[in-house]
Structures are given as structure tokens and as C-alpha cells.
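To start, the structure itself, in C-alpha cells.
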Amino acid sequence: MDPAAPRDEALFQYLLRLGDTPLILAQRLGEWVGRGPVLEEDIAQTNVGLDLIGQARLWLAYAGEVEARCAPAGRDEDQLAFLRDGGDFRNLLLVEQPNGSFADTIARQFLFDAWHLLLLRALADSGDARIAGIAAKGAKEAAYHVERSEDWVIRLGDGTDDSHARMQAAIDDLWMYTGEMFTPDAVELGLVEAGIAADVRALAAPWRQRVDAVLAEATLAAPGETYMQRGGKQGVHTEHLGHLLAEMQVLQRAYPGARW
Amino acid sequence: MSEWPLWEIFIRSQHGLAHRHVGSLHAADAAMAIKNARDVYTRRNEGVSIWAVQSADIVASAPGDREALFEPANSKVYRHPTFFPMPDEVKHL
Numbered sequence: 142m143d144p145a146a147p148r149d150e151a152l153f154q155y156l157l158r159l160g161d162t163p164l165i166l167a168q169r170l171g172e173w174v175g176r177g178p179v180l181e182e183d184i185a186q187t188n189v190g191l192d193l194i195g196q197a198r199l200w201l202a203y204a205g206e207v208e209a210r211c212a213p214a215g216r217d218e219d220q221l222a223f224l225r226d227g228g229d230f231r232n233l234l235l236v237e238q239p240n241g242s243f244a245d246t247i248a249r250q251f252l253f254d255a256w257h258l259l260l261l262r263a264l265a266d267s268g269d270a271r272i273a274g275i276a277a278k279g280a281k282e283a284a285y286h287v288e289r290s291e292d293w294v295i296r297l298g299d300g301t302d303d304s305h306a307r308m309q310a311a312i313d314d315l316w317m318y319t320g321e322m323f324t325p326d327a328v329e330l331g332l333v334e335a336g337i338a339a340d341v342r343a344l345a346a347p348w349r350q351r352v353d354a355v356l357a358e359a360t361l362a363a364p365g366e367t368y369m370q371r372g373g374k375q376g377v378h379t380e381h382l383g384h385l386l387a388e389m390q391v392l393q394r395a396y397p398g399a400r401w
Numbered sequence: 320m321s322e323w324p325l326w327e328i329f330i331r332s333q334h335g336l337a338h339r340h341v342g343s344l345h346a347a348d349a350a351m352a353i354k355n356a357r358d359v360y361t362r363r364n365e366g367v368s369i370w371a372v373q374s375a376d377i378v379a380s381a382p383g384d385r386e387a388l389f390e391p392a393n394s395k396v397y398r399h400p401t402f403f404p405m406p407d408e409v410k411h412l
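Chains C and E are the protein sequences, given in the same order.
Be aware that the first sequence starts at 142, since it is given in our numbering, and climbs by one per residue.
Be aware that the second sequence starts at 320, since it is given in our numbering, and climbs by one per residue.
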């Protein structure tokens, strides 16, 4: 066996994690099309989704190339996105959670964006030049995403009694899905050792600092210690992912290979 | 949300050109107006700078004053510098 094969297998898994998370979140944001609270927000929300799809494509295209080195055949970005089943998806549990109210969507987005920006900035220093390039490009987009979502957290948190209550409930509900973002497994740690992956444990403190500052400005309370859900990175998902995939994949499942 | 004020958006498309009116949008305040303008009007690489002005702050001439304001200028061709050949290199005039 090629001595590089185990490394490639881990890299493939890692790239799926990097690609699936923005892909699934983009699909969720796409569900807002035509339903935004105002026209401007409808467009803005979808713009963020399109940015994330662009990033997902780059990660998954690279994943397919790496797969070709360690498996009988590599799949392209479309095959990976539209023809894998739920158990093969490696996205974070946070991003597959339903849109809920606008406050729920904003809370999910902010908790993710703050982490995503840190992750991409860390990955911009990856020893893998391709990863570093994709991350550096994505970080510019993520910097705007988090500015937008934290702005909304502050507006809604420090808004009316109703918006404050909804924003607080949304943060509380989603908090248990944030622990997974900072918990690496053996796949990740091996690649951290090799200078390829980012050590997500190092992102926890700066993330918490930003989140606490925004919550304070929004007059919201930071949730206390709670049980943290995990499993997304290993393919163990909440019940919501299957429904999301059914809608996202129906066209390619019904008409395999269909193109625009 | 219909009570959000209306804003007029001006985009400078590249260095050296003036800001141009591109349209309007609703936003709760100035910061949101800039963000919304970024998302609504600059996503295809249209601009390098955004101005947002509340529509209520714009003072406009009345359509009924058109004759008094503009028609006297029509009969004075010497006010139009059309008699000078312009070098090709001079743009945006």
C-alpha cells in the first residue's frame, strides 16, 4: 500500500468536514429565499449562503481529488454533495438545526460565523498550500458574515422585550451544539500534528471572548455549563439532516447527472 | 417593519468616478443602510465606495418648476462647449 494512503484518507475526511458544514448551512439559508423579514435581509441572507456554497465547492472539489489518491475512484463535488447519505455527511450539528424564527437563524449564524472566521484564519497558515489558499479566500467573506450576524444579535437582543426574549431563547437552545466546534478527534489531531489541520481547541478562548462581548452588548446572558452534543464530524446527526438532504438532493437523485 | 426609513444609495464604481445613484432601500439606521447596500447593490463587484442618504433629507426641485428652471437655458447654445475638439485621452466629460 502507498505509505501516504492513511494520511490521504484522514485528509479526505477532514476536507469533508470543512466542506459539508458550509454546504449544509447554505442550504438552510437558502430556505429563507422569499421568506426574509424584509427584502434587503432576504437578499443579504442568501448572499451569505452563496458565499458558503462557493467555499463548500472548493473544499469538496479538493476532497474528491484526495479521494482519488486513496480510493478506487474519486468523486467530484456534485457527487459528494448530492449523492451521499446522511451518515456520510461530516458537518457540525449546529448548522443542520432548523431555521426556526429569524432570531434562531441569526443565533445559529453568529455562533457559527465567530468560529468560522477563527478557523479559516488558522487554516490560512496550513502546511497544505491548497487548504491555506481556500481558507485565506474564505476568511475575507467570513469576516463580513460575522459582522452582519453579530450586528443582528445586538439589535435584537437590545431591542424590544419580544426580540430580546426570542434572541435569548435562541442562544440558549443552540448552545449545546457549540462544544463540538472545539472538540477534535483522532483524525483531526493527526493532521494537526502534521501541520495541516487547525487545532480547534485553540479557538475556544478567542471565540468565547467575542461571543461574550457581543452577548453583553446585546444585554443577553451567556448560557451556563451544559451538556454538549457531538457526533456531526463522525456522521452521527440530529433528525433534521435527513429532511434537509431529501430536499437538497431530490433533483440529482431523481435525474442522476442532470445539469443546468 | 414597514416603518424603517428609506435610504438612497450611491455607489462609486471605480476610483476617479463620482458616486452614482443606484437605487434605494429600507434600513433601520445608517449602519444597516450601508450593510444592506453592500448586499443589494455591490455583490457583482460594482463598487469601491458606498454613500447612503436618508431619502427624507434629499431636497428636490419641484416638477412644476421645470419650465422656469430649465427652459431659459435651451435657447443659449453658446453655453454648451460643443465647439471645442476634445482629445481622445480625456474621458468622463
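We treat Cβ as the ideally placed atom computed from N, Cα and C, and that holds for glycine.
In this structure, C:I184 is the residue among C:E282, C:R351 and C:I184 with its C-alpha nearest to the C-alpha of C:V174. Around the C-beta of C:S290, 16 or more other C-beta atoms lie within 10 Å, and the residue is accordingly described as buried.
When C-beta distances to chain C are compared with 8 Å, the residues of the region 358–369 of chain E below that value are D358, V359 and R362, in chain order.
Nearest C-alpha to E:I369 among E:G342, E:M405 and E:W323: E:G342. By the C-beta criterion, the region 346–355 of chain C is judged not to be in contact with the region 265–278 of chain C, since fewer than 3 inter-stretch pairs fall below 8 Å. Going by beta carbons, C:R158 and C:K374 fall inside the 9 Å limit.
Using a Cβ-Cβ distance cut-off of 8 Å, the region 189–203 of chain C and the region 150–170 of chain C are in contact, since at least three pairs of beta carbons, one from each stretch, lie closer than that value. Counting only unbroken stretches of 4 or more residues, the alpha helix (DSSP H) elements lying wholly within the region 179–226 of chain C are 180–211 and 218–223, in sequence order. Within the DSSP secondary-structure output, E:V372 pairs in a beta bridge with E:E327.
When the alpha-carbon of C:G177 is set against those of C:N240, C:A212, C:E206 and C:V236, the nearest one is in C:N240.
In this structure, DSSP gives C:L233 a state outside helix and strand, which the three-state scheme calls coil.
For E:R339, there is no enclosing alpha helix (DSSP H); the residue is found in the beta strand (DSSP E) stretching over R339 to H345. Listed in chain order, the alpha helix (DSSP H) elements of length 4 or more contained wholly in the region 331–363 of chain C are 345–358. Against chain E, the beta carbon of C:E321 has no neighbour under 7 Å; the closest one sits roughly 29 Å away. Straight across, the Cα-Cα distance linking C:D226 with C:R342 is about 29 Å. Going by beta carbons, C:H257 and C:A283 fall inside the 9 Å limit. Annotation for C:T324: no alpha helix (DSSP H) segment contains it, and DSSP assigns it neither H nor E.
For C:A399, no alpha helix (DSSP H) run applies, since DSSP gives it neither H nor E. Taken residue by residue, none of the region 147–170 of chain C has a beta-carbon sitting less than 7 Å from a beta-carbon on chain E. It is roughly 25 Å from the alpha-carbon of C:E388 to the alpha-carbon of C:D314.
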